[in-house]
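Participant: These protein sequence lines are chains A and B, in that order. Mapped onto the numbering used here, the consecutive letters of the first sequence carry residue numbers 65 to 542. Mapped onto the numbering used here, the consecutive letters of the second sequence carry residue numbers 65 to 542. Just so you know, even glycine gets a beta-carbon here, dropped at the ideal spot from N, CA and C.
Number of protein chains: 2
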Amino acid sequence: MAEKKKVEAITSRDEDFARWYTDIVKKAELIEYTSVKGCMVIRPYGYAIWENIQKILDGMFKATGHENVCMPMFIPESLLQKEKDHVEGFAPEVAWVTMGGSEVLEDRLCVSPTSETLFCEHYANIVHSYRDLPKLYNQWVSVVRWEKTTRPFLRSREFLWQEGHTIHATEAEAIAETEQMLNVYADFCEKYLAMPVVKGKKTESDKFAGAVSTYCIEALMHDGKALQAGTSHFFGDGFAKAFDITYTDKENKKVNPFQTSWGVTTRLIGAIIMTHGDDNGLVLPPAVAPIQVVIVPVAQHKEGVLEACNELKDKLSKRFRVKLDDSDNSAGWKFAEYEMKGVPVRIELGPRDIENGQCVVCLRCNGEKLFIPLEGIEDAIEQKLGEITQIMFDAALKNREEKTYVCHSTDEIVKCLEEKGDGFVKAMWCGDEACEDAVKEKTGVCSRCLPFEGEAVDTKCVCCGKEAKHLLYWGKAY
Amino acid sequence: MAEKKKVEAITSRDEDFARWYTDIVKKAELIEYTSVKGCMVIRPYGYAIWENIQKILDGMFKATGHENVCMPMFIPESLLQKEKDHVEGFAPEVAWVTMGGSEVLEDRLCVSPTSETLFCEHYANIVHSYRDLPKLYNQWVSVVRWEKTTRPFLRSREFLWQEGHTIHATEAEAIAETEQMLNVYADFCEKYLAMPVVKGKKTESDKFAGAVSTYCIEALMHDGKALQAGTSHFFGDGFAKAFDITYTDKENKKVNPFQTSWGVTTRLIGAIIMTHGDDNGLVLPPAVAPIQVVIVPVAQHKEGVLEACNELKDKLSKRFRVKLDDSDNSAGWKFAEYEMKGVPVRIELGPRDIENGQCVVCLRCNGEKLFIPLEGIEDAIEQKLGEITQIMFDAALKNREEKTYVCHSTDEIVKCLEEKGDGFVKAMWCGDEACEDAVKEKTGVCSRCLPFEGEAVDTKCVCCGKEAKHLLYWGKAY
Numbered sequence: 065m066a067e068k069k070k071v072e073a074i075t076s077r078d079e080d081f082a083r084w085y086t087d088i089v090k091k092a093e094l095i096e097y098t099s100v101k102g103c104m105v106i107r108p109y110g111y112a113i114w115e116n117i118q119k120i121l122d123g124m125f126k127a128t129g130h131e132n133v134c135m136p137m138f139i140p141e142s143l144l145q146k147e148k149d150h151v152e153g154f155a156p157e158v159a160w161v162t163m164g165g166s167e168v169l170e171d172r173l174c175v176s177p178t179s180e181t182l183f184c185e186h187y188a189n190i191v192h193s194y195r196d197l198p199k200l201y202n203q204w205v206s207v208v209r210w211e212k213t214t215r216p217f218l219r220s221r222e223f224l225w226q227e228g229h230t231i232h233a234t235e236a237e238a239i240a241e242t243e244q245m246l247n248v249y250a251d252f253c254e255k256y257l258a259m260p261v262v263k264g265k266k267t268e269s270d271k272f273a274g275a276v277s278t279y280c281i282e283a284l285m286h287d288g289k290a291l292q293a294g295t296s297h298f299f300g301d302g303f304a305k306a307f308d309i310t311y312t313d314k315e316n317k318k319v320n321p322f323q324t325s326w327g328v329t330t331r332l333i334g335a336i337i338m339t340h341g342d343d344n345g346l347v348l349p350p351a352v353a354p355i356q357v358v359i360v361p362v363a364q365h366k367e368g369v370l371e372a373c374n375e376l377k378d379k380l381s382k383r384f385r386v387k388l389d390d391s392d393n394s395a396g397w398k399f400a401e402y403e404m405k406g407v408p409v410r411i412e413l414g415p416r417d418i419e420n421g422q423c424v425v426c427l428r429c430n431g432e433k434l435f436i437p438l439e440g441i442e443d444a445i446e447q448k449l450g451e452i453t454q455i456m457f458d459a460a461l462k463n464r465e466e467k468t469y470v471c472h473s474t475d476e477i478v479k480c481l482e483e484k485g486d487g488f489v490k491a492m493w494c495g496d497e498a499c500e501d502a503v504k505e506k507t508g509v510c511s512r513c514l515p516f517e518g519e520a521v522d523t524k525c526v527c528c529g530k531e532a533k534h535l536l537y538w539g540k541a542y
Numbered sequence: 065m066a067e068k069k070k071v072e073a074i075t076s077r078d079e080d081f082a083r084w085y086t087d088i089v090k091k092a093e094l095i096e097y098t099s100v101k102g103c104m105v106i107r108p109y110g111y112a113i114w115e116n117i118q119k120i121l122d123g124m125f126k127a128t129g130h131e132n133v134c135m136p137m138f139i140p141e142s143l144l145q146k147e148k149d150h151v152e153g154f155a156p157e158v159a160w161v162t163m164g165g166s167e168v169l170e171d172r173l174c175v176s177p178t179s180e181t182l183f184c185e186h187y188a189n190i191v192h193s194y195r196d197l198p199k200l201y202n203q204w205v206s207v208v209r210w211e212k213t214t215r216p217f218l219r220s221r222e223f224l225w226q227e228g229h230t231i232h233a234t235e236a237e238a239i240a241e242t243e244q245m246l247n248v249y250a251d252f253c254e255k256y257l258a259m260p261v262v263k264g265k266k267t268e269s270d271k272f273a274g275a276v277s278t279y280c281i282e283a284l285m286h287d288g289k290a291l292q293a294g295t296s297h298f299f300g301d302g303f304a305k306a307f308d309i310t311y312t313d314k315e316n317k318k319v320n321p322f323q324t325s326w327g328v329t330t331r332l333i334g335a336i337i338m339t340h341g342d343d344n345g346l347v348l349p350p351a352v353a354p355i356q357v358v359i360v361p362v363a364q365h366k367e368g369v370l371e372a373c374n375e376l377k378d379k380l381s382k383r384f385r386v387k388l389d390d391s392d393n394s395a396g397w398k399f400a401e402y403e404m405k406g407v408p409v410r411i412e413l414g415p416r417d418i419e420n421g422q423c424v425v426c427l428r429c430n431g432e433k434l435f436i437p438l439e440g441i442e443d444a445i446e447q448k449l450g451e452i453t454q455i456m457f458d459a460a461l462k463n464r465e466e467k468t469y470v471c472h473s474t475d476e477i478v479k480c481l482e483e484k485g486d487g488f489v490k491a492m493w494c495g496d497e498a499c500e501d502a503v504k505e506k507t508g509v510c511s512r513c514l515p516f517e518g519e520a521v522d523t524k525c526v527c528c529g530k531e532a533k534h535l536l537y538w539g540k541a542y
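#1: For a contact defined as C-beta to C-beta under 7 Å, what are the partners of P140 (chain A) on chain B?
#2: Looking only at C-alpha atoms, which of A:V328, A:H130, A:L348 sits nearest to I337 (chain A)?
#3: P136 (chain A): buried (16+ other C-beta within 10 angstroms of its C-beta) or exposed?
#4: Express the C-alpha separation of L536 (chain A) and T242 (chain A) in angstroms, rounding to a whole number.
#5: Is the CB of M59 (chain B) under 8 Å away from at least one CB in chain A?
#6: Please classify V20 (chain A): is it buried, with 16 or more other beta-carbons within 10 angstroms of its beta-carbon, or exposed?
#7: If you draw a straight line from the C-alpha of A66 (chain A) to the C-alpha of S142 (chain A), how long is it?
#8: Check A66 (chain B) in the structure and name its three-state DSSP category.
#9: Taking one C-beta from the region 390–409 of chain A and one from the region 86–102 of chain A each time, how about it: are there three or more such pairs within less than 8 Å?
#10: Quick check on this structure: which residue in B:I418, B:A335, B:S381, B:E401 has the alpha carbon closest to the alpha carbon of E371 (chain B)?
#11: As a quick exercise: from A:S176, A:E79, A:A127, pick the residue whose alpha carbon is nearest that of F223 (chain A).
#12: Using the Cβ count rule (16 or more neighbours within 10 Å means buried), how would you classify E465 (chain A)?
#13: Please check the pair F307 (chain A) and C184 (chain A), which I expect to be a contact at CB under 8 Å, by giving their CB distance rounded to whole angstroms.
#14: Give the secondary structure of H232 (chain B) by DSSP, where H, G and I count as helix, E and B as strand, and everything else as coil.
#15: Alpha carbon to alpha carbon, what distance is there between V352 (chain B) and K540 (chain B)?
#16: Give the C-beta separation of F299 (chain B) and G274 (chain B) to the nearest angstrom, bearing in mind that I take them to be a contact with Cβ-Cβ under 8 Å.
#17: Under a three-way DSSP split, which group does T181 (chain B) fall into?
#18: Should V133 (chain A) be labelled buried (16 or more other beta-carbon atoms within 10 Å of its own) or exposed?
#19: For M135 (chain B), go through chain A and note every residue whose CB falls closer than 7 Å to its CB, in chain order.
#20: Identify whether R221 (chain B) lies in helix, strand or coil by the three-state DSSP scheme.
#21: For A66 (chain B) and chain A, any beta-carbon pair shorter than 8 Å?
#22: Could you pull out every residue in the same chain whose Cβ sits closer than 8 Å to the Cβ of L461 (chain A), ignoring the five residues on either side in sequence?
#23: If you measure from the beta carbon of N393 (chain A) to each beta carbon in chain B, is any gap under 8 Å?
#24: Leaving out five residues before and five after W84 (chain A) in sequence, what residues of the same chain have Cβ atoms less than 7 Å from its Cβ?
#25: Report back the beta-carbon spacing between H232 (chain A) and L197 (chain A) to the nearest angstrom; my notes put them in contact at under 8 Å.
#26: Using a Cβ-Cβ cutoff of 7 Å, what residues of the region 218–235 of chain A are near chain B? List them in chain order.
#27: Using the three-state DSSP reduction, which class does D78 (chain B) fall into: helix, strand or coil?
#28: By Cβ distance, which residues of its chain are closer than 6 Å to D343 (chain B), with the 5 residues on each side in sequence left out?
#29: For S166 (chain B), go through chain A and note every residue whose CB falls closer than 8 Å to its CB, in chain order.
#30: Can you give me the start and stop residues for the beta strand (DSSP E) that E96 (chain B) sits inside?
#31: Do we get a CB-CB distance below 8 Å when we pair S176 (chain A) with the residues of chain B?
#32: State yes or no: is the C-beta of I445 (chain A) within less than 8 Å of the C-beta of Q422 (chain A)?
#33: Using beta carbons (cut-off 8 Å, strictly below), is H14 (chain B) in contact with chain A?
#34: Return helix, strand or coil for G450 (chain A), following the three-state DSSP convention.
#35: Please work out which residues of its chain come closer than 6 Å, Cβ to Cβ, to E147 (chain A), disregarding the five sequence neighbours upstream and downstream, and give them in chain order.
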């Protein structure tokens, strides 16, 4: 019975992408639902992916001089209200604590949806002189936003993330930080998650509540919908003014410092699923896969097989995350199980292989099967894991390129999406918010970002026909 | 001005222990207060200690087969109420979310004070067969308990912790897990925090709400007050019954499994401060010190000094967490600063040392100063860090032994504490709760634990004089 359940087919990806997604998060045992609507259990296999993401990103943050801290999870309503745009953006979607024990709170507390206000209060306390700057802080926490419609990893009422919050003496330094962290995110997504991203800037209407500008990385999922994978915000000195953060500069003048914030969330796990997954389940990039190599013994009851498998496991475990499945499930069940779980490399080892001093290596990303000598297999696996990342990146890039369309009018956008399906639309924009809204209304796609790279595809606005100012990426988004 | 602030003296430890403690948490930059009462900012230096604790403990948990997961932070009131003792223990001290956005919640949510109920709900979903057992789960999260009186690290409304939650096929296996994790905690405290602990069992009146039995480790602080440093609970099948968790055993019968939970919190940082700190500030055990070695250049403007310091830093950084302070603060300021921050080893390196091919090494734990040749210094430092841990452990053990008293009557307890000050009182107990309460009322000390080791010190109960059943550790507690 347990065996039967595991090999149960999942919905086909091309048939019903949304259901395929939900099937995977459940059947690969990434999450389980709870009785709290919009909140989920992240199960060991899903959480291990997040731990790997954390470990790599945390290393990148520390290498760029950042330190971890921990702010309270609660924000008093009075504190949240100090920055006008910020409170307008977040107050409608927070969870309110109104009672502590049996005591009704005078100043109710929201469960932090993001911690700018807490960092500002703290900076006002600890920043006094130019010698105290910069502060380059980050925290790994759980935050809450009271979303109406929720989907595992993509949009949930509670999610895990990191939020960087930095404060600098000069505007130029803060802008450089905002750009640097966007580049860290882009590098991480491309090198470790094998997920190509477009780097750009949000339009005015789409930026973070309280920011001067919001930079973002946008990825295209297999179904042609866009996913915002990370954001980095430049705040200018707006928050500093609202929270009365000042420092004495070298000329002994009191001035306001400049701030940034930047974050990525567990939605990256959703992005991995929708970028790389297929009809057999998850396909995990080696860098974040909880199991990088699974060893499946063939004819494991035969003499010497399990010994050889254990020996191979010990050898590979020195460099990779390895699992040997010597359970009494059938080899077929095991193949299906680890395909569902997206394990990058499967090694099959049986009596004949041992005799020949080799093993069968199967790559999850493309089904390739090859024989590799047991002698020196560590180096061969290392090389294969690198190749897998490249193969996955190339496939995702190809998907994005095939689904990126250049359009010159709103009619063309409608026709193009009808004929070719969802994707990124590259089209010019005059910079007028009315046109941004009109495009969305007429075509269903909204502005994703003003890309940092890419040339003008027209001289006129895709909507009003007036002079175009910006190339814009448009798309339907998660 | 900044310089002056740093060397400001802290309250003497023997003069006012409570104020000394608060001075240290602020001046060593471990925490900062916020406008949310009872909630604090854990600053980079404080958080780095926690990260080191996490890293070591997480490794110990994984080495004993545990996996990390993440439960929601909210518990619906209806779910919290399923286990009678548990809800009675926790409901009075939780924070209640009653609104999400502008919507009033029908079933209000408490911010999790501990996650037994969520784990039980999850186990009911995923445990069906004996093949699904055991589940050995842990999570690192932040929890909230609405405490009236709060003190940084020791008792705060929000605190960081890990909570292990396991479920087993048999009672014996669950009890073995409870004991194993208590031993993991004790080993961690003694080997890595240099903090001796007494292992034992809580009395009935003092056990966790919903537990069959609670095991604990108790440490004695420098002032003679006890601190519960970690707990491990055996639940029997009580939670399983309340939450209808069943599995089909090998004989195809439906039965209830057995559970445990266990946790340590950021209060361990408070324990480190109060076990090892002195009038110059923090004294950190090497294993969790954010900076293990600080290099202070002497006459750093002289030719070759900074080069030699950087070379030494590069060499040591391969094995230790090292900081070179080449700021323009005076050497005296730097000495005071890193003593306040409890850095285990300070190395001074000046022109004469370089000439002699040596450096001055000062140990924070006892002020010892010695010359060590630069050649092969890595091994010498490694050895010193081990010695430091032992010196710190021995000093803490000596303090505990000096402050552990054997008493035979409540009058003797009162007199002993008056004369000698606070400490552990070892005294016999008949097992009657009335006597436990009476001792507390008459003497001010409450029961800490029934130790797993230690021989009877009398045949009669310290309170009623009837036949004694247990040796008990008593004390005033944080």
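Facilitator: Working from what's here:
#1: Within 7 Å Cβ-Cβ: S99, V100.
#2: The shortest Cα separation from I337 (chain A) among A:V328, A:H130, A:L348 belongs to A:L348.
#3: Buried.
#4: Straight across, the Cα-Cα distance linking T242 (chain A) with L536 (chain A) is about 20 Å.
#5: An answer regarding residue 59 (chain B) cannot be provided, because it is not within the stretch 65 to 542 covered by chain B.
#6: Because chain A is modelled from 65 through 542, residue 20 (chain A) falls outside the range shown and cannot be assessed.
#7: Residue placement at A66 (chain A) is poorly supported in this model, since its pLDDT is 40, which falls under 50; the coordinates still yield a value, given next. Rounded to whole angstroms, the gap between the alpha carbons of A66 (chain A) and S142 (chain A) is 53 Å.
#8: Caution applies to A66 (chain B), whose pLDDT of 41 falls short of 50 and renders its modelled position unreliable; the value that the coordinates give is listed next. DSSP places A66 (chain B) in helix when its eight states are reduced to three.
#9: Yes, the region 390–409 of chain A touches the region 86–102 of chain A.
#10: With distances taken between Cα atoms, E371 (chain B) lies closest to B:I418.
#11: Answer by Cα proximity: A:S176.
#12: Under this definition E465 (chain A) is an exposed residue.
#13: Sure, about 4 Å apart at Cβ, within 8 Å.
#14: Three-state result, H232 (chain B): strand.
#15: Answer to the nearest angstrom: the Cα atoms are 27 Å apart.
#16: Indeed, because the Cβ distance is near 7 Å, the residues count as touching under 8 Å.
#17: Of the three classes helix, strand and coil, the one that applies to T181 (chain B) here is helix, per DSSP.
#18: With 16 or more other CB atoms across the displayed protein chains lying within 10 angstroms of its CB, V133 (chain A) is buried.
#19: Simply V105.
#20: Note: R221 (chain B) maps to coil in three-state DSSP.
#21: Legend: pLDDT at A66 (chain B) = 41, less than 50; position of this residue unreliable, value from coordinates given subsequently. For A66 (chain B), the nearest CB of chain A lies under 8 Å from its own CB, placing it at the interface with that chain.
#22: Answer for L461 (chain A): P260, listed in chain order.
#23: Cβ-Cβ to chain B under 8 Å: no for N393 (chain A).
#24: Shown here for W84 (chain A): same chain residues with a beta carbon closer than 7 Å to its own, the five before and five after excluded, namely I74, T75, S76, R77 in chain order.
#25: The C-beta distance from H232 (chain A) to L197 (chain A) rounds to 6 Å, short enough to meet the 8 Å contact threshold.
#26: Those would be E222, L224, in chain order.
#27: In this structure, D78 (chain B) counts as coil in the three-state DSSP scheme.
#28: Excluding sequence neighbours, D343 (chain B) sits near S76, R77.
#29: Proximity of chain A to S166 (chain B) at the Cβ level (cut-off 8 Å) is accounted for by P156, in chain order.
#30: Under the DSSP assignment, E96 (chain B) falls in the beta strand (DSSP E) whose first and last residues are 95–97.
#31: It does not; no Cβ of chain B falls within 8 Å.
#32: Contact: no.
#33: With chain B covering only 65 through 542, there is no way to say anything about residue 14 (chain B).
#34: DSSP places G450 (chain A) in helix when its eight states are reduced to three.
#35: Here the set comprises G274, F303, A306.
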